[in-house]
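Beneath this line is the structure, given in structure tokens, with notes to follow.
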Amino acid sequence: MVSSRTALLTSASLLLGRAWAQYSATYLPDTAPETTEEGQTGTNKCGDGFNQTSMCQNAYLNSIDDFCLWAPPQPGADSVIGNTERIEVAWCLKEGYGTRLIPDGAITGAHFVKTPDFVQVTGVGDLTKMNIPAGDTGGELDPHGADGNGNPIGGLVFSSAFGDLQQIHEWTNFMAADQFCFRACNPAGADAPGWCQHIYDVMGCAWNMPANYDAGVFESCDGDSGLQMGVYDGSTFHQGEGATPPAHPVPSSSNCQTTSTVGNSHAISGTSVGATGAATTTTKNAVCLRWQILSDPG
Numbered sequence: 384m385v386s387s388r389t390a391l392l393t394s395a396s397l398l399l400g401r402a403w404a405q406y407s408a409t410y411l412p413d414t415a416p417e418t419t420e421e422g423q424t425g426t427n428k429c430g431d432g433f434n435q436t437s438m439c440q441n442a443y444l445n446s447i448d449d450f451c452l453w454a455p456p457q458p459g460a461d462s463v464i465g466n467t468e469r470i471e472v473a474w475c476l477k478e479g480y481g482t483r484l485i486p487d488g489a490i491t492g493a494h495f496v497k498t499p500d501f502v503q504v505t506g507v508g509d510l511t512k513m514n515i516p517a518g519d520t521g522g523e524l525d526p527h528g529a530d531g532n533g534n535p536i537g538g539l540v541f542s543s544a545f546g547d548l549q550q551i552h553e554w555t556n557f558m559a560a561d562q563f564c565f566r567a568c569n570p571a572g573a574d575a576p577g578w579c580q581h582i583y584d585v586m587g588c589a590w591n592m593p594a595n596y597d598a599g600v601f602e603s604c605d606g607d608s609g610l611q612m613g614v615y616d617g618s619t620f621h622q623g624e625g626a627t628p629p630a631h632p633v634p635s636s637s638n639c640q641t642t643s644t645v646g647n648s649h650a651i652s653g654t655s656v657g658a659t660g661a662a663t664t665t666t667k668n669a670v671c672l673r674w675q676i677l678s679d680p681g
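This note's numbering numbers the first residue of the sequence shown as 384 and each following residue consecutively.
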């Protein structure tokens, strides 16, 4: 079978030592086939609602209260991200996508930023509630993988953050037992592959996506794109070659709105689901020049 991503390729070139391809979006959730890649263990035809045993491999990155993360389909000591990267499934805050739901309380801090080149969510939590074993320092998921079929194989990402809902072809997600970061790059941007680089898979969230990772804070901000991961003064660092340079500075952000928490009002334990009270949220304006600095008093 010919890979669907292979069939989408219109041009390929070598840029900054990496091969990448430009292609246009093909699928929406309601037009996706059962599977999009050979060897896929889940499905892209997910329907609606939610199911804690769902094998849906469609993820969404829309807003602070509407995002998904990739995580293992089964619990257990062997379900570290390094072992399960090819078979991860989508876990989402919001029901209606046919995915599993992120249990309330699993996310203890989340920071959503929209820039001209990407949207991203970063944060912390008890991600053992999403089948990631305690102590797992994690790994990276992306649409390429070693063979071009993606990690997870056939995983699709969609977003309405840049306008109408569309498939995002360049994205990167790091997952660990206690931290996450997920970036989806603007298809209309100047260099989506560069802003969603996927060759730094052992460098983790803080190096690839410098941002706010504070617990107890849930915020949505506008932000500057900052600097592309791995690019320093026009030169590209390659993982494992020489001394590792420091992470880039956290980009400036503004127009921040905060909410008290994120969740879906379902009591979830393993594959069991019950109802809870609706989460209470409030918002307020804030200015966040850098998360580690006090807000501008003006």
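A virtual CB, placed ideally from N, CA and C, is assigned to each residue, including glycine.
As the structure is a prediction and not an experimental result, all values here were calculated from the model.
Beta-carbon within less than 6 angstroms of residue i's beta-carbon, same chain only, minus the 5 sequence neighbours each way: which residues are those?
i	result
Lys-512	Pro-486, Ala-489
Pro-628	Tyr-615, Phe-620
Asn-591	Tyr-583, Met-612
Gly-537	Thr-418, Thr-419, Glu-420, Gln-423, Gln-440
Cys-568	Phe-501, Glu-553, Ala-575, Trp-578, Cys-579
How close, in whole Å, do the beta carbons of residue i and residue j come, if the pair is a contact with beta carbons under 8 angstroms?
i	j	result
Phe-721	Gly-518	With the chain covering 384 to 681 only, the question about residue 721 has no answer from this structure.
Pro-593	His-552	Between His-552 and Pro-593 the Cβ distance is about 24 angstroms, and since that is not below 8 angstroms, they are no contact.
Ser-608	Pro-499	6 angstroms
Ile-447	Val-633	Their Cβ separation, rounded to whole angstroms, is 18 angstroms, which puts Ile-447 and Val-633 out of contact at 8 angstroms.
Thr-654	Gln-435	4 angstroms
Asn-514	Gln-580	Not a contact, Cβ separation roughly 27 angstroms.
Pro-516	Ser-462	6 angstroms
Under DSSP, the alpha helix (DSSP H) around residue i begins and ends at which residues?
i	result
Asn-466	464-467
Ala-559	Careful: Ala-559 lies outside any alpha helix (DSSP H) and carries neither H nor E.
Arg-606	Arg is not the amino acid found at residue 606; the sequence shown has Gly there. No alpha helix (DSSP H) contains Gly-606, which is instead part of the beta strand (DSSP E) from 601-606.
Asn-591	587-591
Gly-425	Where Gly-425 is concerned, there is no enclosing alpha helix (DSSP H), given that its DSSP letter is neither H nor E.
Ala-454	Note, Ala-454: premise wrong, no alpha helix (DSSP H); beta strand (DSSP E) at 449-454.
Gly-577	575-578
Near residue i, which residues of its chain fall below 7 angstroms by C-beta distance, leaving aside the five closest residues on each side in sequence?
i	result
Gly-506	Ile-490, Gly-492, Ala-493, His-494, Phe-563, Tyr-596
Glu-478	Gly-432, Phe-433, Leu-484, Asn-647
Ala-630	Ala-589, Trp-590, Pro-593
Leu-697	This structure cannot speak to residue 697, because the chain is shown only from 384 to 681.
I'd like the span of the beta strand (DSSP E) that includes residue i, first residue to last.
i	result
Asn-441	441-446
Gly-506	501-508
Gly-531	From DSSP, Gly-531 is part of no beta strand (DSSP E); its letter is neither H nor E.
Gln-549	549-551
Leu-539	539-542
Thr-414	Where Thr-414 is concerned, there is no enclosing beta strand (DSSP E), given that its DSSP letter is neither H nor E.
Ile-490	490-497
Ala-473	472-475
Gly-459	No beta strand (DSSP E) contains Gly-459, which DSSP labels as neither H nor E.
Gly-522	522-524
Quiz item: At a cut of 8 angstroms, does the segment 597-605 reach the segment 531-543 through at least three beta carbon pairs?
Solution: In the pairwise beta carbon analysis, the segment 597-605 is classified as not touching the segment 531-543: fewer than three pairs are separated by under 8 angstroms.
Exercise. Would you check if the segment 408-415 and the segment 425-435 touch, i.e. whether three or more CB-CB distances between them fall below 8 angstroms?
Key: Contact between the segment 425-435 and the segment 408-415 is present: three or more C-beta pairs spanning the two stretches fall below 8 angstroms.
Quiz prompt | Cβ contact (3+ pairs, closer than 8 angstroms) linking the segment 467-474 and the segment 563-572 | solution = No, the segment 467-474 is not in contact with the segment 563-572.
Quiz prompt | Complete runs of the beta strand (DSSP E) confined to the segment 607-650 [at least 3 residues] | solution = Segments of the beta strand (DSSP E) lying fully in the segment 607-650: 636-641.
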